[in-house]
Each structure stands twice: as structure tokens, then as C-alpha cells.
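Encoded as C-alpha cells, the structure appears first; notes follow it.
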Amino acid sequence: MSTPLLQLNQVSKTFNDGDARGEVEALRRVSLTVNEGEFVTILGPSGCGKSTLLRIIAGLTPLSSGECLYKGEPVIKPSLERGYVFQDPRLFPWLNVLENINLAGNDGKELLRKMDLTEFSRAFPHELSGGMARRVALARALVPRPNLLLLDEPLANLDPKLRVNLQEELQRIWEREGVTCILVTHNLDEAINLGTRIVLLSKRPGVIKQDQPLDLPFPRRRYPKFVKAAKAQISTWMEV
Ligand SMILES: Nc1ncnc2c1ncn2[C@@H]1O[C@H](COP(=O)(O)OP(=O)(O)OP(=O)(O)O)[C@@H](O)[C@H]1O
Ligand SMILES: [Mg+2]
83 MSTPLLQLNQ
93 VSKTFNDGDA
103 RGEVEALRRV
113 SLTVNEGEFV
123 TILGPSGCGK
133 STLLRIIAGL
143 TPLSSGECLY
153 KGEPVIKPSL
163 ERGYVFQDPR
173 LFPWLNVLEN
183 INLAGNDGKE
193 LLRKMDLTEF
203 SRAFPHELSG
213 GMARRVALAR
223 ALVPRPNLLL
233 LDEPLANLDP
243 KLRVNLQEEL
253 QRIWEREGVT
263 CILVTHNLDE
273 AINLGTRIVL
283 LSKRPGVIKQ
293 DQPLDLPFPR
303 RRYPKFVKAA
313 KAQISTWMEV
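No gaps in the numbering here: position 29 of the sequence shown is 111 in the working numbering, and each next residue is one more.
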């Protein structure tokens, strides 16, 4: 059997800052195996440890116990193989769009075209709309050709129409580039629009409540009945 792309075994994380907050148990015994080509969406209430989980996978936060293996090797530090898109675009204000994208390579021009941003290659971040800035952040994460793309609510706080457009863009990137994706979202529609699998976390400390494949073809909007049924089912899980 081949080694899975990512394997989390009983991963727990307790923050202990030594400050007034004392210990915070963020994640408890999370086990998750992700294979090449999957698009995993992670849903869960605010503060349940979703970002912590992504940061552990990225190598940005050490775990407290358990193991996190990428291609069979423990994750100990960040790698360009694992791209990360933060919730806010975090562009460098003093660099233009192309320079921001080319930070980790020089493939930027092609990605700009794919993202429909060519006209804005010389624009600076303050000149961009929210949706454009997010496309730039996404393109920047794709430049090093990551195997795994970690997306922390990359489409939050966008107007619904733009959000759906960018979901479709993300879906195309996933299909075209063959990149494995793990996307954190608060939005059930988004999880169903994009995921080949939905992982539901409980409230803090986050434990996996459900881990469900979504065997529906894309684009999902073509299958409203199935989407409605999936939504109803997942909503009931979210309530308990
Ligand atoms: N560096 C840190 N030090 C101490 N506690 C932290 C740290 N980072 C996160 N936490 C705590 O761990 C818990 C989980 O945080 P996390 O950011 O992973 O949640 P989340 O599910 O991403 O929340 P949201 O949906 O609001 O983004 C929270 O209680 C948070 O306060
Ligand atoms: Mg978060």
C-alpha cells in the first residue's frame, strides 16, 4: 500500500502560554488520513481548533502529542510543498501584484493570467478589491507548485456572488493542477460546493465528530436535490 500524502495520528494540542488564560486545550486526539487528490473541507464552530489543525499540518505550530506525517515523514517545519493561504490575504503593501506572487518563484505571469489578474500585475495591494487581493494570495501560494494547499477560510467576508465565483475558480485549480486541498470554512454551502469529503469538528477541544465522503460530481450546483439532501444531513450532525 502506498504512503498517504498526510497522516495525523491522535494529534492533540494544548496551548500553554503561561499567561492569565492558562492552558487551552485546542485539539484532542485528531486522526485523519488524506490521500493525494482529495479536497477535504473542515467545518466546526469558532475556536474549535481549525486554524490550529492547519498550522500543525503546515509546520507552523508544534503539536503536543500524537504525530503528523507528510509523505510518511514527521512535519517539523514549513515547506513550500505545503502552501498556505491565510484568512486575510497578507500581501506585502510595498510590492506590486506580480512581485507579491513571484516571492516564491517566477511562474507568476502564467498564474496571473489564470486568475484573470494580468491587467493588475503592476497594481499595489491598496489598489485591489477584496476579491482581487484574495486571488493574488491564492496565486502566491500556488507559485511554488505545492502538493498540498492549506486554505484557512480564504473566502470569508466576501459578498456571496464573488464568493461563489472564487469557489468555482478554486475548484478549477484543484482539478487542473492536481493539488490536494484542505479547506477550513464556517460555511456549509462552501464545504458542499467544494469538498470530496467533509470533516466536522466538535466545539473546543476539537475532536472529529464526522468524516464523510461526498460522492457528487462537480459542479455541485447541477445537482440541487443531492446538495439539499447532503446539507440537511450535515446540518443535523452540526446540531449535536
Ligand atoms: N498561540 C496561541 N496561544 C494560546 N491559545 C491559542 C493560540 N492559538 C489559538 N489558541 C486558542 O486555541 C483555540 C483554538 O483556536 P483556533 O484559532 O485554532 O480556532 P478556530 O477553529 O480556527 O477558530 P475560528 O473559527 O474563530 O477561526 C482557541 O481557544 C484559541 O484561543
Ligand atoms: Mg481559525
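Note that beta-carbon positions come from the ideal geometry of N, C-alpha and C, so glycine has one too.
beta-carbon residue i near ligand 2 non-hydrogen atom, thresh 8 Å
i	result
Glu235	yes
Lys95	no
Gln169	yes
Ser284	no
Phe191	In the sequence on display, residue 191 carries Lys and not Phe. Because no heavy atom of ligand 2 lies under 8 Å away, the Cβ of Lys191 does not count as near it: no.
Ala113	The amino acid at residue 113 is misidentified as Ala; the sequence shows Ser. No, Cβ of Ser113 sits at least 8 Å from all heavy atoms of ligand 2.
Range of the contiguous alpha helix (DSSP H) that encloses residue i
i	result
Ser133	132–140
Thr318	306–321
Near ligand 1: residue i beta-carbon under 8 Å from a heavy atom
i	result
Ser147	no
Ala108	yes
His268	yes
Thr278	no
Cys150	no
Thr134	yes
Gly131	yes
Gly126	yes
Nearest-angstrom Cβ-Cβ length linking residue i and residue j, presumed shorter than 8 Å
i	j	result
Val116	Gly288	Not a contact, Cβ separation roughly 17 Å.
Val218	Pro171	7 Å
Arg93	Gly148	Strictly speaking, residue 93 in this sequence is Val, with Arg absent from that position. Sure, about 4 Å apart at Cβ, within 8 Å.
Thr123	Ile280	5 Å
Limits of the beta strand (DSSP E) - the one that residue i falls within
i	result
Gly165	164–167
Pro295	290–295
Val93	88–98
Reference residue i, options the options, closest by Cα
i	options	result
Arg216	Val179, Gly141, Gly187, Glu201	Val179
Leu224	Arg286, Ala205, Asn182, Leu237	Asn182
Tyr166	Gly187, Ile139, Lys153	Ile139
Cys263	Glu235, Asp241, Thr96	Glu235
Gly187	Ser203, Arg222, Phe168	Arg222
Met197	Gly148, Ile255, Lys132	Ile255
Met257	Phe121, Thr318, Val266	Checking the sequence shown, residue 257 turns out to be Glu, not Met. Taking only the C-alpha atoms, the option nearest Glu257 is Phe121.
Leu177	Arg164, Gly154, Thr278, Phe206	Phe206
Pro242	Glu272, Val266, Arg227, Gly260	Glu272
Thr143	Pro160, Glu321, Phe202, Asn239	Pro160
His268	Gln294, Gln253, Ala238, Leu244	Ala238
Thr134	Leu233, Asp293, Asn184	Leu233
Asp189	Arg227, Pro127, Arg303, Glu107	Arg227
Gln292	Leu276, Leu125, Glu209, Leu88	Leu125
Any non-hydrogen atom of ligand 3 closer than 8 Å to residue i Cβ
i	result
Val122	The model depicted lacks ligand 3 and carries ligand 1 and ligand 2 instead.
For this session: Taking only runs that begin and end inside the segment 104–134, name each unbroken beta strand (DSSP E) of 3 or more residues, in chain order.
Result: 105–116, 121–125
For this session: Identify every run of the beta strand (DSSP E) within the segment 143–225, keeping only runs that are complete inside it and at least 3 residues long; order them along the chain.
Result: 147–152, 164–167
Exercise. At which residue ranges does the segment 232–284 contain complete beta strand (DSSP E) runs of 3 or more residues, listed in the order of the chain?
Worked result: 262–267, 279–283
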